[in-house]
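**Student:** Using the numbering used here, read the sequence shown as starting at 9 and increasing by one per residue. The beta-carbon is built from N, C-alpha and C at its ideal position, and this holds for glycine as well. Values in this document were obtained by computation on a predicted structure and should not be read as measured data. To start, I am sharing the structure in question, which I have written as structure tokens.
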Amino acid sequence: MALWTPGWSPKEPDDDDLVLAIDGDAVLKPDVGWLESWRMVVPSMQGDIGPVYVGQMNGKPVYVAQADAASLAGSTERVPLREALLMLEDAPAEMLGTAFQVHQWWRDHRFCGRCGELTVLHPLERAKWCEPCGIPWYPRLAPCVIVVIRRGERMLLARSSRTKRHFFSLIAGFVEPGETIEAAVAREVKEETGLEVSGVRYHSSQPWPFPHQLMLGFFADYAGGELVLQEDEIAEADWFLPGDMPPVPPVTTISGGLIQAMAREIEGQEASS
Numbered sequence: 009m010a011l012w013t014p015g016w017s018p019k020e021p022d023d024d025d026l027v028l029a030i031d032g033d034a035v036l037k038p039d040v041g042w043l044e045s046w047r048m049v050v051p052s053m054q055g056d057i058g059p060v061y062v063g064q065m066n067g068k069p070v071y072v073a074q075a076d077a078a079s080l081a082g083s084t085e086r087v088p089l090r091e092a093l094l095m096l097e098d099a100p101a102e103m104l105g106t107a108f109q110v111h112q113w114w115r116d117h118r119f120c121g122r123c124g125e126l127t128v129l130h131p132l133e134r135a136k137w138c139e140p141c142g143i144p145w146y147p148r149l150a151p152c153v154i155v156v157i158r159r160g161e162r163m164l165l166a167r168s169s170r171t172k173r174h175f176f177s178l179i180a181g182f183v184e185p186g187e188t189i190e191a192a193v194a195r196e197v198k199e200e201t202g203l204e205v206s207g208v209r210y211h212s213s214q215p216w217p218f219p220h221q222l223m224l225g226f227f228a229d230y231a232g233g234e235l236v237l238q239e240d241e242i243a244e245a246d247w248f249l250p251g252d253m254p255p256v257p258p259v260t261t262i263s264g265g266l267i268q269a270m271a272r273e274i275e276g277q278e279a280s281s
């Protein structure tokens, strides 16, 4: 079983250290596995970002670097990050998510957001440092709530108006400044569906590197109102029984996991009644 340990280090890679080679929003996957040795990647390096240390896979240092597929030694397959995450088990998926988020943070904070000076790597922690301002710039995380709402033996599923995918998922949205996550759940549900909820309770979380969300999953109970959809967000929504649901995301995603967990809760209570 693969063991992924995220971490930080200012050390440059050795020839045999492992590198996740990326090209934009995709992984450059070698024939075997997802990682390549640094000596194989360095001739194809692009730009001036990286290699950036992101952690250890089974005790070996792992870096992320932007590379050119055409000049990368050996054959590679360009796999979009979303597809890769759905293909992988927990540890490799966590590695990819960490690597992409750290790489984007590195790219987006090359210069200080206050004075515009070039930032440098902080010597003691994962941060970009502006020497004139004395300000550390840390990797950015955007907390986002996602909720499955129960009404009796049914749950609310919705189809987004912003994607061409035809599956149904859950109500979700970003936490606003000064807002609790429980308040964010209630607000997002009200804004997007017109419904009131109660009994908001935490279930699970998932980092989601598009580009830097931390998804916080909740259960909630229907408390009132009729469906009035925010059309620029939700194309369609309805209440579904666990045994009669439309296509939904896979359980490797937090939305699919929440839907499965709620279905089990409903079916378990039905069986015991």
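Measuring only the C-alpha atoms, how far is residue 9 from residue 140?
**Tutor:** Distance between the alpha carbons of residue 9 and residue 140 is about 46 Å.
**Student:** Tell me which residues share the same chain as residue 211 and place their Cβ nearer than 7 Å to its Cβ, disregarding the 5 neighbours each side in the sequence.
**Tutor:** Excluding positions up to five away in sequence, the list reads 225, 226, 227, 266 and 269.
**Student:** At 4 residues or longer, what runs of the alpha helix (DSSP H) sit wholly inside the segment 75-137?
**Tutor:** Runs of the alpha helix (DSSP H) inside the segment 75-137: 89-95 and 98-116.
**Student:** Take residue 199 and list the residues in its own chain whose beta-carbon comes closer than 7 Å to its own, dropping the five residues that flank it on each side.
**Tutor:** Around residue 199: 238.
**Student:** Leaving aside the five residues before and after residue 37 along the sequence, list all residues of the same chain whose C-beta is less than 8 Å from its C-beta, in chain order.
**Tutor:** Only 84, 85, 86, 87 and 92 meet the Cβ criterion.
**Student:** Report the option in 12, 260 and 160 whose CA atom is closest to the CA atom of residue 205.
**Tutor:** It is 160 whose Cα lies nearest to the Cα of residue 205.
**Student:** Run through DSSP, which three-state label would residue 28 get?
**Tutor:** Three-state result, residue 28: strand.
**Student:** Identify the residues that DSSP records as bridge partners of residue 232: which are they?
**Tutor:** For residue 232, which the question treats as bridged, DSSP gives the partners 204.
**Student:** Could you check if residue 25 is buried or exposed, using at least 16 other CB atoms within 10 Å of its CB as the buried criterion?
**Tutor:** Under this definition residue 25 is a buried residue.
**Student:** What are the boundary residues of the alpha helix (DSSP H) that includes residue 46?
**Tutor:** Run containing residue 46: 46-49, per the alpha helix (DSSP H) assignment.
**Student:** Quick one: is residue 172 buried, meaning 16 or more other Cβ sit within 10 Å of its Cβ, or exposed?
**Tutor:** Exposed.
**Student:** Roughly how many angstroms lie between the CA atoms of residue 262 and residue 247, to the nearest whole one?
**Tutor:** Residue 262 and residue 247: Cα-Cα distance of roughly 19 Å.
**Student:** Apply the 10 Å Cβ neighbour rule to residue 178 and answer buried if 16 or more other Cβ atoms are within range, or exposed otherwise.
**Tutor:** Looking at its Cβ environment, which holds 16 or more other Cβ atoms inside 10 Å, residue 178 is buried.
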